[in-house]
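Participant: One structure coming up, written as structure tokens, with questions to follow.
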Amino acid sequence: MAEENTATEKTTEEAAKPKLGVYICSGCGIGDSLNLEELEKIASGQYKAPVCKTNDFLCNQEGVDLITGDINNEGVNRIVIAACSARVNTDAFAFDPLSYYTERVSLREQVVWTQEPNDENTQMMAEDQLRMGIVRAQKAKPPVPHIEPISRTVMVIGGGTTGINAALETARAGSEVILVEKEAELGGWARKMYRVLPEKAPFEQIQESDIGDRIREVEASDRIKVMTSAHIDNIAGEPGKYEATVTTGGTTTTENLGAIIMAIGWRPYDANKLGHLGYGKFRNVVTNVEMEEMVTAASGKVNRPSDGKAAQRVAFLQCAGQR
1288 MAEENTATEK TTEEAAKPKL GVYICSGCGI GDSLNLEELE KIASGQYKAP VCKTNDFLCN
1348 QEGVDLITGD INNEGVNRIV IAACSARVNT DAFAFDPLSY YTERVSLREQ VVWTQEPNDE
1408 NTQMMAEDQL RMGIVRAQKA KPPVPHIEPI SRTVMVIGGG TTGINAALET ARAGSEVILV
1468 EKEAELGGWA RKMYRVLPEK APFEQIQESD IGDRIREVEA SDRIKVMTSA HIDNIAGEPG
1528 KYEATVTTGG TTTTENLGAI IMAIGWRPYD ANKLGHLGYG KFRNVVTNVE MEEMVTAASG
1588 KVNRPSDGKA AQRVAFLQCA GQR
């Protein structure tokens, strides 16, 4: 079975001990135009490369396996590939840059494809190219990744059903949560609904909202900080490093955040634009939200706002203002 192209990762200590491997390709006319034995002598003799090998086609699977095998078995971590340009076959020679340094020496494009074959000057040019590649590989320092400190705290803006669910799920995932709500209480529109659509089979009867239970779960969580009657003054930064300025109860604080979830919900259509349907003219013409609030306050009874008596007939105008 062919070995994986991505070699086994090494520890930082192992990567700190350079071991050079020089690999010379004889394909694409390179072997026909140059004395590859002289190139090998430069790598093994002049620069004391512990590993130096020649292959007919380094870019095919056999050639890649040759290099990968030396990485895994010989500890090679400084790789010089004397073959084609670094602009081609990047997928074939895609070794982990944090564990291995790869230097590409362009013998094909910059030497044999532009110079006379089997000429002394062409050979000298190839040798110089190889020398420069080996020295770069020997003296190169592995890149040190910049790890930016980030916050793991998540702010959820909006304390309705969506915001509460987002806060609970984020807390269960292990992150600290700041739940911000502009009203004095959590729950949003769901808190005003008398009944909600069924969530369980057979889906025949409307059911009571469980928003109260979820609010209590939020308040009981030691991972969720609730800020009610709050106003977001400013948000700045970038993913992982946000800063949000929040004012609540006359006190302004700046919170460091890793992520922000916008759960600001929806707003009812402005019923004042529906005067032609009687809204604002007749007390018994109400919006669906006002209807829910009335029924909730009356423990399920539908009473007329005009006189408080039970409604005998109710007409629903659907999609008012939307069509």
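Note that the numbering used here has the sequence shown beginning at 1288, numbered continuously upward. Glycine is no exception: its CB is placed at the ideal position from the N, C-alpha and C atoms.
Among the candidates Ser1386, Arg1374, Ala1381 and Leu1353, whose CA atom is the shortest distance from the CA of Arg1365?
Facilitator: Ser1386
Participant: Alpha carbon to alpha carbon, how far is Gly1524 from Val1431? Give it in angstroms, no decimals.
Facilitator: For Val1431 and Gly1524, the distance between alpha carbons rounds to 24 Å.
Participant: Just the C-alpha distance for Ser1320 and Glu1403, rounded to the nearest angstrom, thanks.
Facilitator: Their Cα atoms are separated by approximately 8 Å.
Participant: Tell me which residues share the same chain as Lys1596 and place their Cβ nearer than 7 Å to its Cβ, disregarding the 5 neighbours each side in the sequence.
Facilitator: Asn1590
Participant: Around the Cβ of Val1533, are there at least 16 other Cβ atoms within 10 angstroms (buried) or fewer (exposed)?
Facilitator: buried
Participant: Run through the region 1368-1451 for me and flag every whole beta strand (DSSP E) of 3 or more residues, listed as ranges in chain order.
Facilitator: 1388-1393 and 1441-1444
Participant: Ordered along the chain, which non-local residues of its own chain (more than five positions away) have a Cβ less than 6 Å from that of Cys1346?
Facilitator: Asn1376 and Ala1379
Participant: Do the CB positions of Leu1544 and Tyr1529 come within less than 8 Å of each other?
Facilitator: Leu1544 is a Cβ neighbour of Tyr1529, given a cutoff of 8 Å.
Participant: Closer than 7 Å: is that where the CB of Glu1470 sits relative to any heavy atom of the ligand MG?
Facilitator: With respect to small molecules bound, the structure shown includes none, and the ligand MG cannot be examined in it.
Participant: Candidates Tyr1481, Ala1584 and Gly1446: which alpha carbon is nearest Glu1470's?
Facilitator: Gly1446
Participant: Is DSSP giving Gly1524 helix, strand or coil here?
Facilitator: Here Gly1524 sits in strand by DSSP.
Participant: Considering only residues of the same chain and omitting the five flanking positions on each side of Asn1292, which have a CB-CB separation below 7 Å?
Facilitator: Any reading at Asn1292 is ruled out, since the residue's pLDDT is 45, under 50, leaving its predicted position unreliable.
Participant: Going by the DSSP bridge assignment, what does Gln1494 pair with across the sheet?
Facilitator: Val1483
Participant: Between which two residues does the beta strand (DSSP E) holding Ile1547 run?
Facilitator: It spans Ala1546 to Met1549 - the beta strand (DSSP E) in which Ile1547 sits, taken as one unbroken run.
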